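Here the working numbering is used: the first residue of the sequence shown is 602, the next is one more, and so on.
We treat Cβ as the ideally placed atom computed from N, Cα and C, and that holds for glycine.
Note that the structure is a prediction, hence the values are computed from the model and not measured.
In what follows, a single structure is set out as structure tokens and then discussed.
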Amino acid sequence: MKKEHVISSILSVSQQDLAILLGVSRSQVAMYQSGKRELPVDALTKLGNMIAHMNKSAESGGDGISTSHYQTEKKQLESLLLENRYQQSRITREIELATRKQQAQLNVVQLARFLRNEESQKKSPSAGLLDAKAGKASGMLEGKGPAALTALKIKQGLLIHEKEWLDRRLDELKG
602 MKKEHVISSI LSVSQQDLAI LLGVSRSQVA MYQSGKRELP VDALTKLGNM
652 IAHMNKSAES GGDGISTSHY QTEKKQLESL LLENRYQQSR ITREIELATR
702 KQQAQLNVVQ LARFLRNEES QKKSPSAGLL DAKAGKASGM LEGKGPAALT
752 ALKIKQGLLI HEKEWLDRRL DELKG
């Protein structure tokens, strides 16, 4: 087996990366791996130490890597939980605002109907204005308002499920 395959499988780095790590040129690494040239003593020492470390790590189960992976995943999950809390808070505020707007529009329609009934008994000229206000509010109630509110509630539900999943995954990592 060539040195190239052994070094590549043990260190999992490219020739260029290995050259940088050893402080030599890429062509020196290539020539060493093909058996045409030796590396400088300090580069050989570094390479030997790296290979010994990786072999020792592989024999012990690579605890450093799994611990590092665990810490990285835990930090990512905690970061996602913070973002999830923020998004849930934002969506909750948007739902409250949309609900208040919808209620205000409903109040306008109800008031317009009441006043139209009162005005029709008196034959008042403001009936046209009341009809315009009621028409606009009714259009908003039947248009995008309810759909937007429903979309926000769906997003809120998804965020709740995402939070539950993130919490479960964090518990799995801890347990």
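- Under the criterion of beta carbons closer than 8 Å, K676 and L771 do not qualify as touching, at roughly 11 Å.
- In the DSSP annotation of this structure, E639 is not part of any alpha helix (DSSP H), being labelled neither H nor E.
- Here DSSP, grouped into helix, strand and coil, assigns V630 to helix.
- The Cβ atoms of V630 and L619 sit closer than 7 Å to each other.
- Residue range K745 to K775 is occupied by the alpha helix (DSSP H) that includes G758.
- Here G624 carries a coil assignment [DSSP, helix/strand/coil].
- Separation of the CB atoms of A699 and A748 is rounded to 10 Å, and the pair is thereby denied contact status at 8 Å.
- Inclusion of V614 and A644 in the CB contact set at 7 Å is not warranted, their separation being larger than that value.
- Secondary structure at V614: coil, using DSSP grouped into helix, strand and coil.
- Taking the CA atoms as reference points, Q617 sits about 54 Å from I696.
- Nearest C-alpha to H654 among K702, V710, I608 and T693: I608.
- In this structure, T751 is the residue among P641, T751, S635 and M632 with its C-alpha nearest to the C-alpha of I692.
- Take the alpha-carbon of M632 and the one of Y671: they are about 38 Å apart.
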